[in-house]
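Read the structure below first, then the notes.
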Amino acid sequence: MDLKKLTYFYGCITREEAEQYLTNNGLTDGLYLLRQSRSSLRGYTLSVVCKQRFYHYHIAHQSNGSYAMDKGPSFSSPVKLCEFHHRDGDGMCCLLKVPCSRPPGVLARASFFDSRKEKDIRDYVARTHKLQGMELEGYVVQHRSRLEREVAENLHRSMSWFHGVTARKEAERRLLEGSQPIPDGKFLVRERAHSFAISVTHNKKVCHYMVERNSTGKLFVSEGIIFDTLWQMVEHYKSKPDGLLTSLKQVCPAPEPAYCSPEQPSLYIEEDLLVLDHENELGKGNFGSVVPAIYKRPTKEIRVAVKMLKQAEEVDSMKADILKEALIMQKLQHQHIVMLYGVCPGDPFMLVLELVPFGPLNKYLRSQRVKITVAEITELMYQVALGMEYLEEKNVVHRDLAARNVLLADKNTAKISDFGLSRAVESDCYQTSTAGKWPLKWFAPESIEYYTFTSRSDVWSFGVTLWEAFSYGNKPYSDKRGNDVLKFLKDGHRLPAPPASPSVLCDLMARCWLACPSDRPSFKNIKDEFMSYLNK
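Here the sequence shown is numbered in UniProt numbering, starting from 1 and rising by one per residue.
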């Protein structure tokens, strides 16, 4: 049902406005109205009068699509909930009796997000999934709930008040420069470790309010109202101070878009532009360790991951390998491939990369085995297919595609990483003369036996990665040594189909593992098959 057609639904009004409408309608017991929550996505608030007092009940949108008040029964819609409480006052101040209808000519107010979400969702799908026309519309219909959440949770990135990673002193400088006297309520929002800070002027000084996260990742300031998104918090504090020294009145615009593709005039980054966090190591690999860092660019600071060599005596031989990796990655710009910022040629030798905070796919799947759905795994692997299709178009052979080398920016976004074995090839085939230290369990038979690598050998590895994903991060061929895998494959055996995998994707896995490389699907074929499956 379209709630906007309900006379007692007021849309995105404030608590104070709701109370005024109820007052204007007589303050009789059981008088009520329904409004959109200003703090939670897809939530509502039921405002009720009882004994000349106002009561406001939050109606949460549940993960299964139903709606419920705290510890109350679930309903298919807020309307059904209201109908129930006309008959049953359990948990309420009184029975609902009289709907408070909007005055003539007053429409339900659209929220800030509602007024722009249709365009933003389609822009997001076109940008991240390279879809258009009917394919785009079909994808939006199929995944609307998730897309609304993803777009809403990242909407702050396009706001003029969002300054990205900006130091406290720099925020103060930006707020205090310009017109005099300094107005109260001039504000910006900046990113800090794992959260944000609101910086706002008051009495010619700058106050900083730390935005904290609760155990579920929701946002709040100093034990105040809890918000699903940063923009909802900003909209709330624009309407009233509510614990701050002043409301947010005047935007201090960011000097440039806070999130954009990095300028890359040079491959090299000066060492003094990096602030390394050695205490919070992100992982270790063949080259050494990976640590989080702050990269101090001319206009703003950004959080990055830095891959460092582990031993000084290995620098000369490893430097060449890292430079090869960097030269390949520098040419790649895709939303599902980890971005390279540059190389720091100091001691230790370092590769500066996009920070992808949720870590490797295999570890994430093991930890979320009970919670993650088959649909969510399928979407992540579709994104991997999109990234690999891009590499195929660029004639880049990855050679080390595995779940450990698929990183998650968040629980809904996958990015391909670790190009340490990659090669950009002029033809369809790259052949090496030595075996090296290789992940044989992910390799195609021709790669193990003849050291031959093509996009179709990457397709084989994609099949193994797909198997890992639907096995919730289990290791392939766990009962075999790497050297035994080739005989197992040449005898005609393959990994068993994971029970969790849809049958369509089990069939795709089997075709990724066909013995003849030319019989395997291309990544374009794989992408198209995922798209067809997701749009059913």
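Note that the Cβ used here is the ideal one computed from N, Cα and C, for glycine as well.
In chain order, what residues of the same chain have a beta carbon less than 7 Å from the beta carbon of residue 273, not counting five sequence neighbours either side? 295, 296
Quick one: measure Cβ to Cβ for residue 150 and residue 206, integer angstroms, because I've assumed they're closer than 8 Å. Contact flag wrong, Cβ pair sits at about 32 Å.
Could you please give me the residues that DSSP links to residue 50 through a beta bridge? 53
Can you round the beta-carbon distance between residue 360 and residue 404 to whole angstroms, since I take them to be within the 8 Å contact cut? 5 Å
First and last residue of the uninterrupted alpha helix (DSSP H) at residue 78: 78–87
In its own chain, which residues sit with a C-beta less than 6 Å from the C-beta of residue 113, not counting the 5 before and 5 after it? 152
For the region 508–518 against the region 384–391, are there 3 or more C-beta pairs whose distance is under 8 Å? no
Relative to the C-alpha of residue 204, which candidate in 89, 176, 67 has its C-alpha closest? 176
Residues in its own chain within less than 8 Å of residue 69 by CB, not counting five upstream and five downstream? 46, 57, 58, 59, 60, 81, 91
Using only the alpha-carbon positions, how far apart do residue 192 and residue 307 sit? 22 Å
Quick check: the Cα distance between residue 449 and residue 441, rounded to an integer number of angstroms? 13 Å
Got a sec? Which residues, its chain only, sit under 8 Å from residue 534 by beta carbon, not counting five neighbours each side? 139, 142, 143, 378, 379, 382
Could you tell me the alpha carbon to alpha carbon distance between residue 230 and residue 31, rounded to whole angstroms? 33 Å
Across which residues does DSSP place residue 36 in a beta bridge pair? 44
If you draw a straight line from the alpha carbon of residue 529 to that of residue 63, how long is it in whole angstroms? 28 Å
The region 95–106 contacting the region 20–28, beta-carbon criterion three pairs below 8 Å: yes
Under 8 Å Cβ to Cβ from residue 537, same chain only, skipping five residues before and after it: list those, please. Outside the modelled stretch of the chain, which goes from 1 to 536, sits residue 537, for which no answer is possible.
Reference residue 4; option with closest CA among 108, 103, 13, 458: 108
Below 8 Å between beta carbons: does that hold for residue 302 and residue 396? no
Enumerate, from N- to C-terminal direction, the unbroken alpha helix (DSSP H) stretches of 4 or more residues contained entirely within the region 461–527. 482–490, 503–512
Segments of 3+ residues assigned as beta strand (DSSP E) that fall wholly inside the region 206–262: 219–221
Give the DSSP bridge partners of residue 187, in chain order. 200, 251
So which of 157, 399, 500 has the shortest CA-CA distance to residue 451? 399
Run of the beta strand (DSSP E) containing residue 446, from where it starts to where it stops: Segment 445–450 is the alpha helix (DSSP H) holding residue 446; no beta strand (DSSP E) there.
Rounded to whole angstroms, what's the CA-CA distance from residue 502 to residue 526? Just pull it up for me. 15 Å
Mind checking who residue 11 pairs with in its DSSP beta bridge? 109
Using the C-alpha atoms, what's the distance from residue 275 back to residue 421? For residue 421, the predicted structure reports a pLDDT of 48, less than 50, and the residue's modelled location is therefore unreliable. A value from the coordinates is still provided. For residue 421 and residue 275, the distance between alpha carbons rounds to 28 Å.
Between the beta-carbon of residue 237 and the beta-carbon of residue 222, is there less than 8 Å? no
For residue 309, which beta-bridge partners are listed by DSSP? 288
4-residue-minimum alpha helix (DSSP H) runs that sit fully inside the region 108–164, ordered along the chain: 117–129, 133–142, 144–153
Measuring straight from C-alpha to C-alpha, what distance separates residue 22 and residue 33? 8 Å
Rounding to the nearest angstrom, what Cα-Cα distance links residue 412 and residue 368 in this structure? 13 Å
Mind checking who residue 385 pairs with in its DSSP beta bridge? For residue 385, which the question treats as bridged, DSSP gives no partner whatsoever.
Measure the beta-carbon distance from residue 355 to residue 304 and round it to whole angstroms, keeping in mind my assumption that it falls under 8 Å. 5 Å
Taking the C-alpha atoms as reference points, what is the distance between residue 50 and residue 89? 12 Å
Applying the 10 Å Cβ sphere with the 16-neighbour rule, what's the burial state of residue 446? buried
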